[in-house]
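One structure is given here, and the rest of the page talks about it.
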Amino acid sequence: MFFKMHVVRCLDLMIGDFSRKYAEHGLAAQEGVLQWSLLQSTMNQAAKRLEGSFVILFAATFAGFAAVAADFMLGSVHELAPGALPGCSGEHLIWVLEPLQMMVGRALLLIYVSSHAAGLTEKCTRTRCFVNSFVLDNHVLDTEQSYLVRYIDDSAAGIYIQGVKLTMLAIMKMFYGMCAFTFAVWVQASGDSFTAT
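Everything in the sequence shown is counted per the working numbering, starting at 359 for the first residue and increasing by one.
So this is what it looks like as structure tokens:
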């Protein structure tokens, strides 16, 4: 996870450096296209190297949540600890809630790293707006600047996982789904502990 975070931070700095160079030196269209192509290819290579581990982590997190839910909903907790229900102490829930807490912690770290990766995609989108915001001294339409903005827009640079662009909307959906699932299991666990008493 932390390796992914370092790679994402490095790519973020590279995008910031491109914007800084453009702001300070007013790169010509040819130089800007060359710099953006280099940045985009670096980002694509990094995304290709990291996408396998992202997919594995997403799948493992989802499988972990599904396993905890299946254990709880199908009653395997009661089968493994049949004497826990008459005790009315709710200790049988620890078997479910401890793994759930570990899964939530791992999922939150994954969402944190993924949101920074999705932020790169958003930053690439904002870079074309940044380049387009510069007005030359003569206040006429600069065709080279328009070409560079169009090139950045057409490049659709960003982080892709299995061909799907990683955006903040996708990360937010995943986060809300995880919260709803955790809340549902927690409420179900609380309801079972109250019915056992």
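A virtual CB, placed ideally from N, CA and C, is assigned to each residue, including glycine.
Rounded straight-line distance, which links the Cα of residue j to that of residue i
i: Leu506; j: Phe539; result: 45 Å
i: Gln403; j: Ile517; result: 10 Å
i: Ala514; j: Asn490; result: 16 Å
i: Arg580; j: Ile510; result: Nothing can be reported for residue 580: it is not among the residues displayed for the chain, which extend from 359 to 555.
i: Thr479; j: Arg508; result: 16 Å
i: Ala465; j: Gln388; result: 43 Å
i: Gln393; j: Met372; result: 10 Å
i: His391; j: Glu502; result: As written in the sequence, residue 391 is Val, which differs from the His given in the question. C-alpha separation (whole angstroms): 10 Å.
i: Ile469; j: Ile529; result: 7 Å
i: Gln459; j: Ala428; result: 16 Å
i: Ala542; j: Gly463; result: 17 Å
i: Met359; j: Ser399; result: 22 Å
i: Trp544; j: Ser411; result: 29 Å
Coarse secondary structure for residue i, derived from DSSP in three states
i: Val493; result: coil
i: Ile517; result: coil
i: Asp370; result: helix
i: Met461; result: helix
i: Glu386; result: Per the sequence shown, residue 386 should be read as Ala rather than Glu. Coil at Ala386, not helix or strand.
i: Met359; result: coil
i: Asp353; result: Because the chain here runs from 359 to 555, residue 353 falls outside it and cannot be looked at.
i: Asp429; result: helix
i: Asp511; result: helix
Residue i - partner residues in DSSP beta bridges
i: Lys523; result: Tyr518
Taking 8 Å as the cut-off, does the region 369 to 379 touch the region 418 to 434 (at least 3 CB pairs, one atom from each stretch)? Contact fails: fewer than three Cβ-Cβ distances are below 8 Å.
Could you say if the region 406 to 413 and the region 527 to 535 meet the contact criterion of at least three C-beta pairs nearer than 8 Å? As far as the Cβ criterion goes, the region 406 to 413 does not touch the region 527 to 535, which means the pair count is below three.
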